[in-house]
Amino acid sequence: MVLKHLKNNLWTVTLLTLSAATYGQSEQLQSFPLTSVRLLEGPFQKAQQTDMKYILELDADRLLAPYLKEAGITPLKDNYGNWENTGLDGHIGGHYLSALSEMYAATGNQQIKERLDYVLDWLEKCQLKNGDGYIGGVPGSKAMWADIAKGKIDAGGFSLNGKWVPWYNVHKVYAGLVDAYALTGNEKAKKMLIQLSDWCLKLVANLSDDQIQLMLKSEHGGMNEVFADVAAITGDKKYLVLAEKFSHKTILNPLLKDEDKLNGIHANTQIPKVIGFMRVAEVGGNAKWADAANFFWKTVVENRTISIGGNSVREHFNPSNDFSSMLESREGPETCNSYNMLKLSKHLFLAHPESKYMDYYERTTYNHILSSQHPEGGFVYFTPIRPRHYRVYSESQESFWCCVGSGLENHGKYGEMIYAHDANNLYVNLFIPSTLEWKEKGLELTQNTRFPFEEQSAFTLDLKKAQKFAFKFRHPSWITNGEMKIKVNGKEVAIEKDANSYVTINRKWKSGDVISVVLPMHSTAEQLPDKSAWVSFVHGPIVLAAVTGDTDLVGLRADGSRMGHIASGPIYPIEEAPMLVSNSTDLAQSLKEIKNKPF
Ligand SMILES: [Zn+2]
59 MVLKHLKNNL WTVTLLTLSA ATYGQSEQLQ SFPLTSVRLL EGPFQKAQQT
109 DMKYILELDA DRLLAPYLKE AGITPLKDNY GNWENTGLDG HIGGHYLSAL
159 SEMYAATGNQ QIKERLDYVL DWLEKCQLKN GDGYIGGVPG SKAMWADIAK
209 GKIDAGGFSL NGKWVPWYNV HKVYAGLVDA YALTGNEKAK KMLIQLSDWC
259 LKLVANLSDD QIQLMLKSEH GGMNEVFADV AAITGDKKYL VLAEKFSHKT
309 ILNPLLKDED KLNGIHANTQ IPKVIGFMRV AEVGGNAKWA DAANFFWKTV
359 VENRTISIGG NSVREHFNPS NDFSSMLESR EGPETCNSYN MLKLSKHLFL
409 AHPESKYMDY YERTTYNHIL SSQHPEGGFV YFTPIRPRHY RVYSESQESF
459 WCCVGSGLEN HGKYGEMIYA HDANNLYVNL FIPSTLEWKE KGLELTQNTR
509 FPFEEQSAFT LDLKKAQKFA FKFRHPSWIT NGEMKIKVNG KEVAIEKDAN
559 SYVTINRKWK SGDVISVVLP MHSTAEQLPD KSAWVSFVHG PIVLAAVTGD
609 TDLVGLRADG SRMGHIASGP IYPIEEAPML VSNSTDLAQS LKEIKNKPF
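So in my numbering, the last one in the sequence shown is 657, and the numbering has no gaps at all.
What follows is the structure, encoded as structure tokens:
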């Protein structure tokens, strides 16, 4: 979406063309801006509204307090607690910018817009007061940055010069400003973003590449991604060079050789770096870096991901041939990891529109992301897969973990990949009730469906004038070959899925045309990647679950304690968990569907 604002920038267009020619097959393919897609009634729209309420419940003055303090401005209110006053002060404020931008773009809600403007106004005041372009809430950071600039670097995985992941923290501000500009067209955000980037350029100007690499041992979010974004926004190559400098070679180098060295390392530290490798490749045209990102995606999705789309145990990648630690732990897949894996999937799909990326996207969206928000509000950090264990939900005034930050964003942007397009093809990736406005074609499309509660979706076209273009419907991997049916105005059309597992219908469309797609679902039993004797039952793309009890859910609603995000109640013996016994090798055959109640 950043790219959408760049059409008139010759330098960027040249670069993008170059990169697409190098590794992309679909240089024109792009997602629609969130402003073009509106969700209709259904679980995703409900989740969006629940998230909006949570966003508005947050007190912007309290989220801004760390930034004001660092700039020497008396804060209007005090910081929130939890991770917001114990070292990671300000990280939620950065996510807040992104979440407000996404929610405003996706809904047009004016209260959200006002909140966004308010936060930007104050951050601008902080930037002006700081005087050097810096905006950040990291406590006592000015002295630390001064030391960094002089080459005094003491980096650990979660620390830098004694601070709690300052680059990770500041990355949220960068990303928030990128989103405020790219999603809502806010010029002030762009100006602030460039000044903040120039602050960093100056900060590291005298550091050697080795010193920067040493610094990158410390978790730093997607710093390389945002600088590649700034290069695309400004057309200035110096930011692309900075993005390359901020790319962590310890992680990149094995990926360039198609080597999975991920066992035991902190998962969500790495995924944003890989998004950055991909983004650098998109802007700079380095095909090898795009291949490295693709290899990472492939090995994580195929070898390290469970049925809901999540990965990792206690935040780290477990051995891909042994998931026993994940089965036993209270700390299963972390929501941030899936948030970032979806982002990576989006970039890879737009470079190569193969349905495998959207199969993963769909699986993770329905099963991990959608379920990570409580129906009445609150976000989940860990989703343990230990039988009979449970999850903890955040409280809006108490809990300020990373997964609250990414959680605020997750439910505002469900519209981002339902559709995509190039000059003459409209991709339908997901079966989520929504409307789409495709301005260039004068098309308003309405998708009506209760999927997955029904096995079909209907698309109604409203066109300013009749014209020829192609629909490309995703043929999901969970549909048996030959079972997907498509009717145009009630008449079945012959379909064939292509090598990317999409089905193309190319014809002259007119207003009032209706396309209906039949999506038959089946139940399957799916093993863990280590092929141990554990299965998930999956119906279509939906992972099935059953309630086994509701006692001892200690801390179901998190308090403000440092570890309040972990479900600390008693754990029940795994061997006493309900067990399925079957003499069929196809366990899913034993399942009986309750009529009219598939879930
Ligand atoms: Zn998290």
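Beta carbons: idealized from backbone N, C-alpha and C, even for Gly. Computed from a prediction, not measured in an experiment: that's the story for all the values here.
For chain C, check one thing: does any of its Cβ atoms lie closer than 8 Å to the Cβ of residue i?
{"i": "PRO411", "result": "Included in the structure is just one protein chain, with no chain C present."}
Would you decide whether residue i is buried or exposed? Buried here means 16 or more other CB atoms lie within 10 Å of its CB.
{"i": "PRO636", "result": "exposed"}
{"i": "ASN398", "result": "buried"}
{"i": "ASN66", "result": "Any answer about ASN66 is weak, because its pLDDT of 33 lies below 50 and its placement is not dependable; what the coordinates show is given next. Its Cβ having fewer than 16 others within 10 Å, ASN66 is exposed."}
{"i": "HIS278", "result": "buried"}
{"i": "LEU604", "result": "The residue asked about is misnamed: residue 604 is Ala in this sequence, not Leu. Per the 10 Å Cβ criterion, exposed."}
{"i": "ALA591", "result": "exposed"}
{"i": "LEU134", "result": "exposed"}
{"i": "THR643", "result": "exposed"}
{"i": "ALA204", "result": "exposed"}
{"i": "LYS401", "result": "buried"}
{"i": "ILE652", "result": "exposed"}
{"i": "LEU638", "result": "exposed"}
{"i": "GLY195", "result": "buried"}
{"i": "PHE440", "result": "buried"}
{"i": "VAL450", "result": "buried"}
{"i": "GLN168", "result": "exposed"}
{"i": "VAL551", "result": "exposed"}
{"i": "VAL231", "result": "buried"}
{"i": "PRO433", "result": "exposed"}
{"i": "HIS447", "result": "buried"}
{"i": "PRO631", "result": "exposed"}
My output table needs one value for residue i: the three-state DSSP class, helix, strand or coil.
{"i": "THR562", "result": "strand"}
{"i": "TYR418", "result": "helix"}
{"i": "LYS295", "result": "helix"}
{"i": "TYR451", "result": "strand"}
{"i": "ARG120", "result": "helix"}
{"i": "GLN83", "result": "Its pLDDT being 42, under 50, GLN83 is placed unreliably in this model, and the coordinates cannot settle the point."}
{"i": "ILE573", "result": "strand"}
{"i": "ASP256", "result": "helix"}
{"i": "TRP515", "result": "For clarity, residue 515 is Ser in the given sequence; the question names Trp instead. Strand at SER515."}
{"i": "VAL371", "result": "strand"}
{"i": "TYR485", "result": "strand"}
{"i": "ALA616", "result": "coil"}
{"i": "TRP355", "result": "helix"}
{"i": "LEU466", "result": "helix"}
{"i": "ILE427", "result": "helix"}
{"i": "THR504", "result": "strand"}
{"i": "MET225", "result": "Note on residue identity: the sequence assigns Trp, not Met, to residue 225. Note: TRP225 maps to helix in three-state DSSP."}
{"i": "LYS549", "result": "strand"}
{"i": "LEU602", "result": "coil"}
{"i": "LEU274", "result": "coil"}
{"i": "HIS533", "result": "coil"}
{"i": "ASP175", "result": "helix"}
{"i": "LEU146", "result": "coil"}
{"i": "TRP347", "result": "helix"}
Below 7 Å, is the gap between the Cβ of residue i and the nearest heavy atom of ligand 1?
{"i": "SER156", "result": "no"}
Our contact map puts residue i next to residue j with C-beta atoms below 8 Å; I'd like the distance itself, whole angstroms only.
{"i": "TYR424", "j": "ILE600", "result": "6 Å"}
{"i": "ARG372", "j": "GLU389", "result": "4 Å"}
{"i": "VAL576", "j": "MET542", "result": "7 Å"}
{"i": "VAL262", "j": "LEU298", "result": "That pair is no contact at about 15 Å."}
{"i": "LEU87", "j": "ALA478", "result": "6 Å"}
{"i": "GLN259", "j": "LYS296", "result": "A small correction: the amino acid at residue 259 is Leu; Gln does not occupy that position in the sequence shown. Sure, about 7 Å apart at Cβ, within 8 Å."}
{"i": "GLU661", "j": "ASP480", "result": "Any property of residue 661 remains undetermined from this structure, which presents the chain solely from 59 to 657."}
{"i": "SER94", "j": "LEU494", "result": "6 Å"}
{"i": "LYS404", "j": "MET475", "result": "6 Å"}
Closer than 7 Å to ligand 1: residues, by C-beta to nearest heavy atom, in chain order = ASN326, GLU392, THR393, CYS394, TYR439, TRP459, CYS460, CYS461 and SER464
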